[in-house]
Amino acid sequence: MTSNTDNNRKVLEARAKELVFPPGFVFGAATAAYQIEGAPDADGKGESIWDRFCKVPGVIADASSGDIACDHYHRWRDDIAVLNAMGLSAYRFSFAWTRLIPDGKGAINDNGIAFYDRLIDDLLSAGIEPYATLYHWDLPQALQDRGGWYNRETAEHFAAYAAVATRAFGDRVKKWTTLNEPWTFCWSGYASGEDAPGFKDGTKGGVIASHHALLAHGLAVPVIRQTVPDAAVGIVFDLNVTEPASEDPRDIAAARRFDGAQNRWFLDAVFKGSYPQDMLELYADLLPPIHADDNATIAAPIDYLGVNIYRRSVMAEGEELAPLNFQRVSPEGTYSAVNYEIWPRCIYDILHYVNDNYAPKEIVISENGVATAPETVSEDGHVWDDQRATYYVDHLEQVAKAASEGVPVNGYFAWTLTDNFEWAYGYSTPFGITHVDFHTQVRTIKYSGEIYGQIAQQARSIPMMKTGLGR
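The opening position of the sequence shown corresponds to residue 958 in the numbering used here, with each subsequent residue numbered one higher.
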């Protein structure tokens, strides 16, 4: 290690120690079922759209899949030990719908129930609170065959699935999220085709899928509350503060349209009980049938909003996804391995944007993190991911600043706990604060995980343990 690198790390660690958060602030890490579990057809699990999509040649950057991933289905105890070693108090994970209900509706898979029973019980025994997400993109293929999120009936099946999950786990799980990032799974899945199920139906596809996904959320909220009266119920949106690329009125209008599509369409529906009028007019004949009571259903009161934030969006007039007609502009700066601008202020800006315009009871940063090139464990046993470690301190400083100004942000979940299958990027762009050797499945906490654990320990006063799991 050079003296300059050593000094930089000392400065970073000193900055981390200076961070102050409100009492009871939650520090956790997040994952998603398809990205970590593996075991795609074990013990009665059904096929999801990602199981099917990954078999299509050319859609995954490295031609990989989540068939093994982190083998979390068999190694969940290793991952709980990693959470414990970092001193984290919460774990955000998702249920695989097809592990609980293989066809998406109908028969329940007792083996799937048993797996999540073991995971939840062991988390609680370790003093880690489970934050459960019902849907993180892995729609049952059987429901996709019936139209997927184009089919209004999928929302009803989702509510029935929510009833199954809450009956099984609601005695122990009290933090429930309905959907993760409907903008992404609806638009990348049905508009651009980047993600499963791979449809390239343009704006119409994104809009139709989005309405039915939001309806699914609205139908599920009262189901969760009925089964788990003491539940805290929320939804997770991936949000960006949008800036025009210039003062040209065309760029300002494009930024407003993009803000309407990614942010206001979802936030207005949940918090204001109606879609934004400018977007209804823009979409016009692209809209699905919206029933008289749909808006009220979608606006079922929630207890917290989860915000996934990775970048800002700088927009100019363009030709992408007519009639949105935007193009993303990349200002000069530093970018991650998935070409996201590293702009720490984005997390401060989005917290104020949400609070000022929608005033949720509570906000949780449900995902934030950075992708890099694949890393290796050095001879000294460390993974020195200095860029990621700096990223967390930079962004958490902005979270702490927003909290000090009265924004009701009460939790932060690092994306992601372990290197995993990163959707269309495969294993080529790891986000993990824990390195996974995918040949041996050994877990090694990275430098970023050590720094993040240090920050969490300041809240919990728990000594950090060292781990090299699976050795």
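Even for Gly, the Cβ is constructed at its ideal location relative to N, Cα and C.
{"Query": "On the DSSP bridge list, what partners appear for residue 1192?", "Result": "1262"}
{"Query": "Report yes or no: do three or more beta-carbon pairs, one from the segment 1141-1156 and one from the segment 1205-1217, lie closer than 8 angstroms?", "Result": "no"}
{"Query": "Using the beta-carbon count (16 or more within 10 Å), is residue 967 buried or exposed?", "Result": "exposed"}
{"Query": "The beta strand (DSSP E) spanning residue 1145 covers which residue range?", "Result": "No beta strand (DSSP E) contains residue 1145, which is instead part of the alpha helix (DSSP H) from 1139-1147."}
{"Query": "Take the Cβ of residue 1191 as the centre, count every other Cβ of all protein chains shown within 10 Å, and call the residue buried at 16 or more, exposed below.", "Result": "buried"}
{"Query": "Under three-state DSSP, which class holds residue 1109?", "Result": "coil"}
{"Query": "Please name the residue in 1268, 1263, 1039, 1094 whose C-alpha comes closest to that of residue 1287.", "Result": "1268"}
{"Query": "Out of 1402, 1387, 1381, 1348, state which residue places its alpha-carbon closest to the alpha-carbon of residue 1012.", "Result": "1381"}
{"Query": "Take residue 963 as the anchor and find which of 1414, 1412, 1404, 1411 has the nearest alpha-carbon.", "Result": "1404"}
{"Query": "Since residue 1348 and residue 1327 are thought to touch, with beta carbons under 8 angstroms apart, how far apart are those beta carbons, to the nearest angstrom?", "Result": "4 angstroms"}
{"Query": "Of the residues 1109, 1247, 1110, 1049, which one's Cα is nearest the Cα of residue 1085?", "Result": "1049"}
{"Query": "Quick one, are the C-beta atoms of residue 1270 and residue 1199 less than 9 angstroms apart?", "Result": "yes"}
{"Query": "Contact defined as beta carbons within less than 8 angstroms: I believe residue 1129 pairs with residue 1077. What is the distance between those atoms, to the nearest angstrom?", "Result": "5 angstroms"}
{"Query": "Taking 9 angstroms as the cut-off, decide whether the C-beta atoms of residue 1170 and residue 1112 are in contact.", "Result": "yes"}
{"Query": "Helix, strand or coil, according to DSSP, for residue 1048 in the structure here?", "Result": "strand"}
{"Query": "Compute the distance between the beta-carbons of residue 1321 and residue 983, then report whether it is under 9 angstroms.", "Result": "yes"}
{"Query": "Would you kindly check if the distance between the Cβ of residue 1247 and the Cβ of residue 1168 is under 9 angstroms?", "Result": "yes"}
{"Query": "In or out: residue 1104 buried (at least 16 other Cβ within 10 Å) or exposed?", "Result": "exposed"}
{"Query": "So, are the CB atoms of residue 1005 and residue 1053 less than 9 angstroms apart?", "Result": "yes"}
{"Query": "State the beta-bridge partners of residue 1334 as determined by DSSP.", "Result": "Beta-bridge pairing links residue 1334 to no other residue."}
{"Query": "Helix, strand or coil, according to DSSP, for residue 914 in the structure here?", "Result": "Coverage of the chain is limited to positions 958 through 1428, which leaves residue 914 absent and any answer about it impossible."}
{"Query": "Taking the beta carbon of residue 1172 as the centre, do at least 16 other beta carbons fall within 10 Å, making it buried, or is it exposed?", "Result": "buried"}
{"Query": "Would residue 1133 and residue 1181 be called neighbours here (beta carbons separated by less than 9 angstroms)?", "Result": "yes"}
{"Query": "Rounded to the nearest angstrom, what separates residue 1179 and residue 974 at their Cα positions?", "Result": "42 angstroms"}
{"Query": "Who pairs with residue 1136 in a beta bridge, going by DSSP?", "Result": "1092"}
{"Query": "Look up residue 1123 in the DSSP assignment and say whether it is helix, strand or coil.", "Result": "helix"}
{"Query": "Verify whether the separation of the beta carbon atoms of residue 1069 and residue 1001 is less than 9 angstroms.", "Result": "yes"}
{"Query": "Give me the Cα-Cα distance between residue 1393 and residue 1399, rounded to the nearest whole angstrom.", "Result": "6 angstroms"}
{"Query": "Less than 9 angstroms separating the beta-carbons of residue 988 and residue 1377?", "Result": "yes"}
{"Query": "Please state if the CB of residue 1283 and the CB of residue 1289 are separated by a distance shorter than 9 angstroms.", "Result": "no"}
{"Query": "What number of angstroms, rounded off, separates the C-alpha of residue 1193 from the C-alpha of residue 1220?", "Result": "12 angstroms"}
{"Query": "Suppose contacts are defined by Cβ-Cβ distances below 9 angstroms. Is residue 1057 in contact with residue 1160 by that definition?", "Result": "no"}
{"Query": "Would you mind reading off the limits of the beta strand (DSSP E) that contains residue 1323?", "Result": "1320-1325"}
{"Query": "Can you tell me where the beta strand (DSSP E) with residue 1284 in it begins and where it stops?", "Result": "1283-1285"}
{"Query": "Relative to the alpha-carbon of residue 1285, which residue among 999, 1089, 1297 has its alpha-carbon at the smallest distance?", "Result": "1297"}
{"Query": "Please report the distance separating the alpha-carbon of residue 981 from that of residue 1241.", "Result": "46 angstroms"}
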